[in-house]
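Numbering follows the working numbering, with no gaps: position 236 of the sequence shown is 236.
Just below is one structure, and these are the notes that go with it.
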Amino acid sequence: MLKKQNIYSVTIAFILSLVTGVYSLRADDYTIGSGDVLTITVYDHPELKNTVRVSDNGNIVYPLIGEVHVGELKIPEAASKITSMLGDGYIIKPQVNIFIEQFKSKKAIILGQVLNPGLIELQGPTSLLELISQAGGLKDSSGETAIIKREVKGKQQTIKVDLHALIERGDAAQNLQIFGGDTVSISKQGSCYITGEVNQPNAYPCGKGTTLLKLISLAGGFNGKASDSSIKIIRVINGNKKIFKDVELNTALQADDIIIVPESFF
Numbered sequence: 001m002l003k004k005q006n007i008y009s010v011t012i013a014f015i016l017s018l019v020t021g022v023y024s025l026r027a028d029d030y031t032i033g034s035g036d037v038l039t040i041t042v043y044d045h046p047e048l049k050n051t052v053r054v055s056d057n058g059n060i061v062y063p064l065i066g067e068v069h070v071g072e073l074k075i076p077e078a079a080s081k082i083t084s085m086l087g088d089g090y091i092i093k094p095q096v097n098i099f100i101e102q103f104k105s106k107k108a109i110i111l112g113q114v115l116n117p118g119l120i121e122l123q124g125p126t127s128l129l130e131l132i133s134q135a136g137g138l139k140d141s142s143g144e145t146a147i148i149k150r151e152v153k154g155k156q157q158t159i160k161v162d163l164h165a166l167i168e169r170g171d172a173a174q175n176l177q178i179f180g181g182d183t184v185s186i187s188k189q190g191s192c193y194i195t196g197e198v199n200q201p202n203a204y205p206c207g208k209g210t211t212l213l214k215l216i217s218l219a220g221g222f223n224g225k226a227s228d229s230s231i232k233i234i235r236v237i238n239g240n241k242k243i244f245k246d247v248e249l250n251t252a253l254q255a256d257d258i259i260i261v262p263e264s265f266f
């Protein structure tokens, strides 16, 4: 059987193959920053092709027009600015294109249940799945939630992402774009505890899609004394303990559930 991280790696690679085109179309949304390396060309003027690095203060130096501030501009905005400056007495109706050779200015942090947590240098527009992939993929112990924290107009914003929907169901709407300064935390998988008449009572991984039957299977199945018709689930809801009796084997479980398999008296 494949390990969870290997299954997720294959799934992530497959989903990335489907969404790569979407994110390549968003390159124009990238905001230029210090350290980025740009190649600038002007149609029909090969002598003006130039590769420059954006300085710490957001400036570049370009032939004919000298120093240009491009920091915090998007690619079309920077191209428009250079076009206007070149058209002001240098070239008639210039057509300027900018290509980012190296993305150096944007970084995000990924924490929690990934193989290589830490600071990740964003290579252009980056999706959540791409960030997870750059961090080595998910651990076996990863849960079903990613929390993205980012600053928007001076205010802290928190976004919850359903990893189960993204990875298991391929819900691309969950594959949010990651921006420079984001902090992403991957949750740890929850567990359920099963006790009573099973072969291996213990705590087992328990998340979306985990049924009572699956948990019993993880616990080695019923032993010879078990009753499969009087199973109880103890669950805490809003701080209050609730007991579900005579539950069906296809009942969906939640993290921290306690399952009691009674002895059969017949």
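Just so you know, even glycine gets a beta-carbon here, dropped at the ideal spot from N, CA and C.
Rounded to whole angstroms, the gap between the alpha carbons of residue 118 and residue 110 is 5 Å. Put simply, the backbone Cα of residue 262 is about 43 Å away from that of residue 116. Under DSSP, the beta-bridge partners assigned to residue 205 are 191.
Residue 100 and residue 30 do touch by the CB rule: their CB atoms are close to 7 Å apart, below 8 Å. Beta-bridge annotation (DSSP): residue 196 is paired with 261.
Between the alpha carbons of residue 67 and residue 61 lies a gap of roughly 4 Å. When DSSP states are grouped into helix, strand and coil, residue 186 belongs to the strand group. Sixteen is the threshold: since fewer than 16 other Cβ atoms of the shown chains lie within 10 Å of the Cβ of residue 80, the residue is exposed.
Non-local C-beta neighbours of residue 143 in its own chain, meaning closer than 6 Å and more than five positions away in sequence, comprise 187, 188 and 189, ordered along the chain. Two segments are said to touch when three or more pairs of C-beta atoms, one from each, lie closer than 8 Å; by this definition the region 142-160 does not touch the region 224-237. In the displayed model, residue 83 falls within a helix according to three-state DSSP. Beyond the five residues adjoining it in sequence on each side, residue 107 comes within less than 7 Å, by CB distance, of 119, 120, 121, 122 and 180 in the same chain, given in chain order.
Sequence-distant Cβ neighbours of residue 94 in its own chain, meaning closer than 6 Å and more than five residues away, are 42, 83, 86 and 87. Residue burial annotation: residue 175 is buried, with at least 16 other C-beta atoms found within 10 angstroms of its C-beta. Excluding the 5 residues flanking it on each side, residue 195 has same chain C-beta neighbours closer than 8 Å at 201, 258, 259, 260 and 261, in chain order. Residue 233 is positioned such that its CB atom lies no closer than 9 Å to that of residue 241. Scanning its chain for C-beta atoms nearer than 8 Å, with the 5 sequence neighbours on each side dropped, one finds around residue 198 the residues 216, 219, 220, 221, 222, 223, 226 and 261, in chain order. Between residue 105 and residue 28, the CB-CB gap reaches or exceeds 9 Å. Beyond the five residues adjoining it in sequence on each side, residue 98 comes within less than 7 Å, by CB distance, of 38, 40, 75, 78 and 79 in the same chain, given in chain order.
Separation of residue 253 and residue 154 (C-alpha to C-alpha, rounded to the nearest whole angstrom) is 40 Å. Going by beta carbons, residue 147 and residue 128 fall outside the 9 Å limit.
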